Ligand SMILES: Nc1ncnc2c1ncn2[C@@H]1O[C@H](COP(=O)(O)OP(=O)(O)OP(=O)(O)O)[C@@H](O)[C@H]1O
Ligand SMILES: [Mg+2]
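Residue numbers (full-length UniProt numbering), protein chains in the order written: chain G, 1 to 252; chain F, 1 to 412.
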């Protein structure tokens with residue numbers, strides 16, 4: 001689905017180029033759930049930006065769904081992003097002057113999807129994250145966890161092949177973080193590839209595959225043993241918003 | 001990206017900073033308001049002059065007596081002959097370039113009809129006057145040659161006088177108007193000439209044969225020269241004949257007044273339309289000059305729009321980065337900021353236009369100045385506002401569109 005060959009990224013700064021990624025070879029298949037871990041400054045976000053076509057590599061090759069995207073211009077990359085890639089960031093995910101509904105709708109507007117289908121898909125996606133009843137709310141009226149759920153609804157709304165999440169639970173407490181992870185799991189179960197960056201071993205352990213990054217290089221590729229007592233399938237008892245979930249397998 | 005969505009977002013971000021948006025618009029508001037007012041004032045003056053030209057009648061020449069004075073001192077050997085009715089007769093009879101010529105004496109009197117009275121200007125003239133001024137009758141008839149000769153007590157009245165004295169033009173015919181101690185019969189009512197701008201109502205006038213005015217009203221007691229008239233009017237046969245007619249009239253009158261070569265004219269022949277046209281041209285130039293001075297504030301307004309949009313772009317880098325991550329192309333971002341700038345200007349333009357309209361009304365009311373604001377001018381002022389938005393909003397919008405999403409997302 002996405003393949004990197006000798007991917008290199010140097011940032012140009014005043015004191016010369018800063019190597020952030022060095023010759024990374026990587027292949028992520030459809031439906032994979034990958035966690036990227038590593039110390040701060042190891043190049044995790046840099047890799048995510050390249051995988052998400054937000055940036056272009058300084059060297060090497062990147063294939064997205066079989067197509068070489070390493071040298072595409074900004075507008076072409078934006079077009080692919082709007083249709084095939086979903087993003088969830090650590091914070092400031094939502095545009096403050098758009099309602100939850102409008103935030104979720106945005107990538108589809110950029111992708112040129114008509115209003116009728118947009119309407120249907122937005123309400124499906126928001127219902128899927130348990131926020132079908134808060135569509136008209138402003139981001140400021142939502143809690144941090146709810147905002148992340150809106151962001152997840154937005155990342156999945158245009159049926160992407162890949163969802164990238166850079167520390168999506170970094171700003172949340174562990175219970176809320178678990179609920180967010182549940183959502184990624186469900187998304188992944190639908191065949192969407194998920195790549196997320198985390199510093200949390202517990203979260204890393206939930207991924208099918210963990211990439212370790214250090215100093216711009218991949219130093220490990222495998223799995224982490226689950227360290228959590230509770231299995232992922234059982235939602236925490238005190239997570240009240242779970243009762244709103246209406247994930248409908250047949251619909252999507 | 002649909003227009004309505006972009007529009008909605010633009011409105012919201014402008015509303016989010018109401019005070020800032022209002023202050024930013026101020027320059028545009030002041031600019032549009034002053035340009036609109038200046039144009040209205042200029043166009044009003046120009047329209048008034050054109051109205052006067054039109055109501056004057058085509059190809060009209062006016063001959064005024066001019067005591068040959070220079071620097072307020074009587075010149076030696078200068079002729080003192082007044083214009084007389086016979087001059088008009090001679091011009092009409094002898095000059096091929098002139099179709100009509102009349103003489104006129106004008107005074108002001110109080111007119112009384114029943115229990116109503118009205119002050120107006122009373123003109124003694126000949127029936128040719130109406131041909132020269134292309135002024136038809138609405139009802140009744142004009143004076144006959146015989147009535148003119150005999151000085152019959154008849155009167156032709158303008159629309160305003162008819163309304164003031166008799167309520168309506170229709171009711172005026174055959175009624176009697178008393179001026180001083182004489183009673184005059186209304187034989188005709190002139191068609192409306194309409195207002196010639198503010199202050200001068202052309203229909204507030206009455207006419208009678210020159211003989212009648214002399215005999216019944218002037219009496220002759222306090223007249224220095226019984227035959228003198230106030231002015232002559234002549235109508236050239238065509239527009240091309242105006243210049244030759246002027247020459248011929250001058251030559252004829254000099255001969256009739258016995259002026260030797262080298263002596264100054266004791267009269268002046270003017271073409272009122274020509275001087276009005278010149279006046280009109282300078283009024284226009286002046287109006288455009290004022291408008292262009294006023295438009296400087298539009299430029300200042302545009303610069304403040306540009307400034308605020310640049311601030312807005314750097315404040316909203318996170319938003320720009322996020323939108324780009326979600327698939328916004330350069331043109332989407334460009335359009336969003338451009339529409340914001342244009343809306344700001346357009347909204348300022350609308351407010352400015354309203355203020356300009358208000359100012360125009362005030363100028364008309366208090367300064368008694370003729371004003372005219374065409375729908376085209378109003379539409380143009382809004383178009384110009386939007387244009388200012390495009391011009392000054394383009395650079396900031398361009399800057400937003402060329403932002404790097406990564407850098408934007410890194411700003412917190
Ligand atoms: N725009 C940039 N300009 C210059 N250097 C950069 C830029 N972005 C990242 N870097 C450098 O590249 C290296 C990798 O940064 P990156 O953000 O990918 O790290 P990270 O693994 O995501 O760290 P963290 O866990 O703190 O988010 C760092 O040394 C960082 O300072
Ligand atoms: Mg990072």
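Beta carbons are placed, not taken as given, at the ideal position from N, Cα and C, and that holds for glycine.
Quick caveat, the model's predicted, so the values are computed rather than measured.
Within its chain, find whatever has a CB closer than 7 angstroms to the CB of residue 236(F); leave out the 5 residues flanking it on each side and keep chain order. Indexing the second chain from 1 puts residue 236(F) at position 236. The answer, listed in chain order, is 59, 61, 97, 98, 242, 245.
Cβ atoms of residue 26(F) and residue 304(F): under 9 angstroms apart, would you say? For the purposes of this step, residue 304(F) is taken as the residue at position 304 of the second chain. For the purposes of this step, residue 26(F) is taken as the residue at position 26 of the second chain. Closer than 9 angstroms, so yes.
Closest to residue 199(G) by C-alpha separation, out of 108(G), 32(G), 44(G), would be which residue? Your numbering for residue 199(G) matches position 199 in the first chain. Measuring from the Cα of residue 199(G), the nearest candidate turns out to be 44(G).
With a threshold of 9 angstroms between beta-carbons, can residue 149(G) be considered close to chain F, or not? Counted from its first residue, the first chain places residue 149(G) at position 149. So, not an interface residue.
Assign residue 391(F) to one of three DSSP states: helix, strand, or coil. For the purposes of this step, residue 391(F) is identified with residue 391 of the second chain, where counting begins at 1. Residue state for residue 391(F) is assigned as helix, using DSSP reduced to three classes.
DSSP three-state label for residue 250(F), please. Position 250 of the second chain, counted from the start, is the residue given in the question as residue 250(F). Three-state result, residue 250(F): helix.
What is the DSSP secondary structure of residue 161(F), reduced to helix, strand or coil? Translated into positions along the second chain, residue 161(F) becomes position 161. Of the three classes helix, strand and coil, the one that applies to residue 161(F) here is helix, per DSSP.
Quick check on residue 83(G) - is its C-beta less than 9 angstroms from some C-beta in chain F? Residue 83(G) sits at position 83 when you count from the first residue of the first chain. At least one chain F Cβ lies under 9 angstroms of residue 83(G).
Could you check which residue in 186(G), 47(G), 101(G), 5(G) has the C-alpha nearest to that of residue 131(G)? Within the first chain, residue 131(G) is the residue found at index 131, counting from 1. By alpha-carbon distance to residue 131(G), the top candidate from 186(G), 47(G), 101(G), 5(G) is 101(G).
Would you mind listing the alpha helix (DSSP H) stretches within the segment 31–104 of chain G that are 4+ residues and don't spill past its ends, in chain order? 44–51, 74–84
Heavy atom of ligand 1 less than 8 angstroms from the Cβ of residue 11(G), yes or no? In the first chain, the residue the question calls residue 11(G) occupies position 11. Flag set: Cβ of residue 11(G) near ligand 1.
Helix, strand or coil at residue 152(F) [DSSP, three-state]: Residue mapping note: residue 152(F) aligns to position 152 of the second chain, counting from 1. DSSP places residue 152(F) in coil when its eight states are reduced to three.
Can you look up residue 20(G) in the DSSP assignment and give me helix, strand or coil? Position 20 of the first chain holds residue 20(G). The answer is strand: DSSP assigns residue 20(G) an E or B state.
What residue does the alpha helix (DSSP H) around residue 100(F) start on, and which one ends it? Position 100 of the second chain, counted from the start, is the residue given in the question as residue 100(F). Looking at the DSSP string, residue 100(F) is not in any alpha helix (DSSP H); the run it does join, the beta strand (DSSP E), is 98–113.
Helix, strand or coil at residue 415(F) according to DSSP, with G and I counted as helix: Any answer about residue 415(F) is impossible in this case: the structure gives chain F only from 1 up to 412.
Residue list, Cβ distance to ligand 2 heavy atoms smaller than 7 angstroms: 44(G), 45(G), 166(G), 167(G), 197(G)
What's the call for residue 229(G), buried or exposed, on a 16-neighbour Cβ count within 10 Å? As a first step, residue 229(G) must be located in the first chain, where it is residue number 229. In this prediction, residue 229(G) scores a pLDDT of 41, lower than 50, which makes its location untrustworthy; no coordinate-derived value is stated.
Check: residue 20(G) C-beta below 8 angstroms from any heavy atom of ligand 1: In the first chain, the residue the question calls residue 20(G) occupies position 20. For ligand 1, at least one heavy atom lies less than 8 angstroms from the Cβ of residue 20(G).
At the level of alpha carbons, what is the spacing between residue 190(G) and residue 210(G)? As a first step, residue 190(G) must be located in the first chain, where it is residue number 190. As a first step, residue 210(G) must be located in the first chain, where it is residue number 210. So the alpha carbons of these two residues sit roughly 20 angstroms apart.
Output needed in chain order: residues of the segment 47–73 of chain G with a Cβ under 7 angstroms from some Cβ in chain F. 49, 54, 55
Since residue 161(G) contacts residue 192(G) with CB under 8 angstroms, what's their CB separation in whole angstroms? Your numbering for residue 161(G) matches position 161 in the first chain. Your numbering for residue 192(G) matches position 192 in the first chain. Rounded, the Cβ-Cβ distance is 7 angstroms, consistent with contact.
Can you pull the chain F neighbours of residue 111(G), defined as C-beta to C-beta under 8 angstroms? On the first chain, residue 111(G) is found 111 positions in, with the first residue counted as 1. Simply 327.
Secondary structure of residue 288(F), DSSP reduced to three states: The sequence position of residue 288(F) within the second chain is 288, counting from 1. Helix, per DSSP.
Mind checking if residue 322(F) is an interface residue toward chain A, Cβ cutoff 9 angstroms exclusive? Absent here is chain A; the protein component of the structure consists of chains G and F.
By the 7 angstroms beta-carbon criterion, what residues does the segment 10–42 of chain G contribute toward chain F? Within the segment 10–42 of chain G, no residue qualifies.
Straight-line CA distance for residue 405(F) to residue 321(F)? In the second chain, counting from the first residue as 1, residue 405(F) sits at position 405. In the second chain, counting from the first residue as 1, residue 321(F) sits at position 321. Residue 405(F) and residue 321(F): Cα-Cα distance of roughly 4 angstroms.
Any C-beta of chain G within less than 7 angstroms: which residues of the segment 13–44 of chain F qualify? Across the segment 13–44 of chain F, CB contacts with chain G closer than 7 angstroms involve 13, 16, in sequence order along the chain.
Short CB-CB distance (under 9 angstroms) between residue 142(G) and chain F: On the first chain, residue 142(G) is found 142 positions in, with the first residue counted as 1. Closer than 9 angstroms: no.
Near residue 172(G), what residues of its chain come up, given a Cβ to Cβ distance below 8 angstroms and the 5 sequence neighbours on each side ignored? In the first chain, the residue the question calls residue 172(G) occupies position 172. Excluding positions up to five away in sequence, the list reads 144, 145, 148, 180.
Burial state of residue 16(G) (16 or more Cβ within 10 Å): Position 16 of the first chain holds residue 16(G). Residue 16(G) comes out exposed.
How far does the beta strand (DSSP E) with residue 208(F) in it reach, from first residue to last? The residue labelled residue 208(F) in the question sits at position 208 within the second chain. Residues 205–209.
Indicate whether at least one CB of chain G lies closer than 9 angstroms to the CB of residue 318(F). For this step, residue 318(F) is matched to residue 318 along the second chain. By this cut-off, residue 318(F) is an interface position.
Own chain partners of residue 328(F) with C-beta closer than 7 angstroms, once the 5 adjacent residues on each side are dropped: As a position in the second chain, residue 328(F) is number 328, starting the count at 1. Within the same chain, residue 328(F) has no close Cβ partners at all.
For a cutoff of 9 angstroms on Cβ pairs, would you count residue 331(F) as touching chain G? The sequence position of residue 331(F) within the second chain is 331, counting from 1. Taking Cβ atoms only, chain G reaches closer than 9 angstroms to residue 331(F), which makes this a yes.
Just checking: is the beta-carbon of residue 89(G) within a distance shorter than 9 angstroms of some beta-carbon in chain F? Here residue 89(G) refers to the residue found at position 89 when the first chain is read from its first residue. Output row for residue 89(G): interface = yes.
For residue 338(F), which residues in the same chain have their Cβ closer than 6 angstroms to its Cβ, ignoring the five residues on either side in sequence? For the purposes of this step, residue 338(F) is taken as residue 338 along the second chain, with counting starting at 1. Same-chain partners within the cutoff: 393, 397.
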